[in-house]
RNA sequence: GGGCGGUUAGCUCAGUUGGUUAGAGCGCCUGCCUUACAAGCAGGAAGUCGGGGGUUCGAGUCCCUCACUGCCCACCA
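Spelled out as structure tokens, the structure:
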């Protein structure tokens, strides 16, 4: 039954089935239902997608890489745990639900906080986590029994504990500072959530009237320049450089703030650049970080002129109620009317936008919660830098990201963790209505911890989403509840082995996990009770950072450009395995992936190739069964091996398999998915199908007269190698290999899934390269004869006699070919094959050199003389160039003296070979009939 | 302004510590329905490794410089 495969591979026919099977059978659950907790743990945490997310190519790349490594490690005997979950994604999710409310004609404010939060939960139940279902469909080998959500009760406990501890340690403070404020989201956002865009704006120059000693306009003005004129409503001073000659006579004088009328001082500060603008700066401490610092230094008042929505507030007098950009227009117009607008200059500058909604961010004074980051950063730096022994607790691949990380960590600012949202972890702090002090507690308090008053209200702010996701590596394994009974998971899986992610969340998430992980896990003693060293406190031992998936033209995929490739669409078209293989084969570290469906088409063809190889094999297994030849399933599942007496092709394909396994394992060790994928591709298609299967057709003789033992041995090797190759390919193409692997075992495999079988490892075979070289010689001869046939215009289906003559004292041997005439004859379409000594060969034949031999293909069709002349002339030129280059090198005394012996020897050998080829080509040209 | 990458065949990319005549896939050209596979088979063409200079017996690979290009960080009104 399983041997009856359709002629062409149809991924859609099998993928859903296996995807569901893997989940239902709980194959990837840890501890494993059947075997328990066996093997050295390999832990990997899925970067939790937003609950609102839909799968895009970046996810698919990320998941493909993780799945390949996890499957590979699992098959290699590790206790592999890949842990999935989703992030509540504060702003993103809140926005989603708010949009729904807008459509319904209501707002969250009308709904009220409690009802709104319930509404978001409801949304989650309906639409949340769609991305994980997509992931299931893609066959990700994760432990679904451990799926988490960052708002789960147990993770919320961890968040609260972390906050309280940091607060108790004096590392969390609350205060009024300039923060990035999004007037649309109506919340503070962190520096990282601001994206800057170059903007062609203006520099407005405004004249501020200098007052005389009586508080009257003196007729003199100071001109300031600004890109945000509306903030002048909150100006409290104008600053100039103390050494600036232009303003020295004005030191100590006052100014009148236009439109507002407030008297403001001229202050002196060396921070002011004399070169920029007019050298005089308006000072708005409530709306600019630099001005804020300036204001602190000079004890200036802070006047916030905008409300949470970016409209001018009561401080703005006549402008109150106007949107900030409307106010800007009015103010500029009014200034102009009053003759106080000195000029408008074009000015290109960077404008910050909210990462989430792209609204222009307003730097604004606001009371927020912050993490004092320096102590955490210190540990996070130590975790990445080499220690005294040169060891790094966390290793980055590609290594250059280590620099990026350290550079950021060394210049880090305190982290604003409060958000004025309703969806998220509410800050566990209570404000006292009596003494106005703050109570921070693990359990909801009934009274103020300072004065005992029951008049307390909980802080309304929630935490930055990244605060909770930054805790994931510890919280998913049970922290803070690490007791003797509960710590099995923590001990087994923390630190996690590897983090695979994109550079876009290097600072958002990776850096925060390192800071928080080192900080909190560091307090958890080792299983034996000893203090936990830094190397065991880190959230992961390795970080692999992959690049961006771009479109085929290297453009960033974006909705506005309309060049987004939906992975699910591509998967439907070409099959999951083909898309996975595309991503893997293009994933060389440090380079963006230009996703090109042409590649995927190629890998779909590859899948089809394997499918058809299986059909060929099964066809022969069935034929064999008819004459009583069987392959014992017990001989499958390991690394195939054959004796030295086995036929060349058997020894060779086994050698190639070992060599490929070595390459693939090595490549995966180094995150070279591309090298690994290419090695398997080359093996399967280039070696197994193109050569081995073609040759083995000679051996699969099921006739009466055949030697059944030989046929059986050939068939066994064929199936063994194929089965092992499926396992080798399995992490890359899990669906196809699962299907065919079950078929190999006729539906009765030794374990439930190929994913639970063992990964091929190369054995120590000394003869590997020797056999491969011998086969290479034979292949070279085959290719040479085929090319010769082609030149002579011999139809593919016509066999011709061929003579092969070995060069006297030449640099190779035709021994392999002489030992295997049947192979040569089949692959090169030879009717009669004769090996002759070149010394007594028939001069009248058209001999041409093929590797270390001369070959004469006997065919009655006359030679195309002009074509032949052209080819030989070209060859001669090439050989002449080669010989000349080699001679030049060999004539160089420095080279002979300093180059290693094997290089010199190699060059000499090559020179003599090329010289021979040159002479032969010249002779052949000479021998051509003159026309 | 600071930092980090990239530039190799028509396209997308490999190229390990410098070492013999630089590779792959796709595309292109030519010929084949050779019973596993036309999503295939066979053969072939195609690159002065961004420019210039240097180190070296030897440079795609190391150094300097220029050009182009991408990204990250900072955010002087």
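Residue numbers (our numbering): 1062 to 1992.
Glycine included, C-beta positions come from ideal geometry on N, C-alpha and C.
Please report the straight-line C-alpha distance between residue i and residue j, rounded to a whole angstrom.
i            : j            : result
residue 1131 : residue 1609 : 21 Å
residue 1971 : residue 1881 : 27 Å
residue 1705 : residue 1829 : 11 Å
residue 1678 : residue 1847 : 26 Å
residue 1873 : residue 1461 : Confidence at residue 1873 is low in this model, with a pLDDT of 48, below 50, so its placement is unreliable and the value that follows should be read with caution. Cα to Cα, residue 1873 sits roughly 46 Å from residue 1461.
residue 1988 : residue 1968 : 30 Å
residue 1232 : residue 1518 : 23 Å
residue 1631 : residue 1625 : 11 Å
residue 1184 : residue 1158 : 7 Å
residue 1388 : residue 1367 : 11 Å
residue 1768 : residue 1823 : 31 Å
residue 1790 : residue 1741 : 7 Å
residue 1052 : residue 1263 : In this structure the chain extends from 1062 to 1992, so residue 1052 is not present and cannot be described.
residue 1173 : residue 1179 : 10 Å
residue 1344 : residue 1431 : 25 Å
residue 1238 : residue 1268 : 29 Å
residue 1710 : residue 1803 : 26 Å
residue 1870 : residue 1911 : Low local confidence applies: a pLDDT of 48 at residue 1870 is under 50, so the model's placement there is unreliable, and no value is given.
residue 1429 : residue 1507 : 24 Å
residue 1699 : residue 1821 : 7 Å
Pull up the DSSP beta-bridge partners for residue i, would you.
i            : result
residue 1373 : 1367
residue 1769 : According to DSSP, residue 1769 bridges with nothing at all.
residue 1342 : 1300
residue 1268 : 1284
residue 1411 : 1259
residue 1662 : None, per the DSSP bridge assignment.
residue 1490 : 1501
residue 1477 : 1431
residue 1358 : Residue 1358 is not bridged to any residue.
residue 1248 : 1243
residue 1456 : 1603
residue 1384 : 1372
residue 1406 : 1264
What residue from the options has the CA that sits closest to residue i's CA?
i            : options                : result
residue 1342 : 1302, 1672, 1852       : 1302
residue 1844 : 1413, 1590, 1891, 1648 : 1891
residue 1737 : 1862, 1467, 1641       : 1641
residue 1819 : 1726, 1775, 1750       : 1726
residue 1141 : 1190, 1100, 1977, 1248 : 1100
residue 1569 : 1579, 1526, 1842, 1855 : 1526
residue 1245 : 1709, 1376, 1273, 1481 : 1481
residue 1945 : 1957, 1964, 1973, 1928 : 1973
residue 1272 : 1307, 1312, 1242, 1682 : 1312
residue 1214 : 1255, 1896, 1197, 1149 : 1149
residue 1128 : 1437, 1638, 1673       : 1638
Can you tell me which of the three DSSP states residue i falls into?
i            : result
residue 2009 : Nothing in the structure corresponds to residue 2009, since the chain is present only between 1062 and 1992.
residue 1424 : strand
residue 1671 : helix
residue 1873 : The predicted position of residue 1873 is uncertain, since its pLDDT is 48 and thus under 50; a value taken from the coordinates is nonetheless stated next. Correct three-state label for residue 1873: coil.
residue 1322 : coil
residue 1417 : coil
residue 1756 : helix
residue 1690 : coil
residue 1862 : strand
residue 1148 : strand
residue 1855 : coil
residue 1898 : strand
field: Complete beta strand (DSSP E) runs within the stretch 1062 to 1145 (minimum length 3 residues, chain order)
entry: 1102 to 1106, 1140 to 1144
message: In chain order, what are the residue ranges of uninterrupted alpha helix (DSSP H) at least 4 long that sit wholly in the stretch 1159 to 1242?
response: 1169 to 1172, 1174 to 1188, 1191 to 1198, 1214 to 1229
Continuous beta strand (DSSP E) assignments of at least 3 residues falling wholly in the stretch 1271 to 1316: 1278 to 1287, 1298 to 1301
field: Complete beta strand (DSSP E) runs within the stretch 1547 to 1634 (minimum length 3 residues, chain order)
entry: 1557 to 1563, 1601 to 1607
- prompt: What alpha helix (DSSP H) runs, 4 residues minimum, are completely inside the stretch 1699 to 1731?
  reply: 1709 to 1730
message: Ignoring anything shorter than 4 residues, give me the alpha helix (DSSP H) runs that lie fully in the stretch 1941 to 1991, in order along the chain.
response: 1954 to 1959, 1962 to 1988
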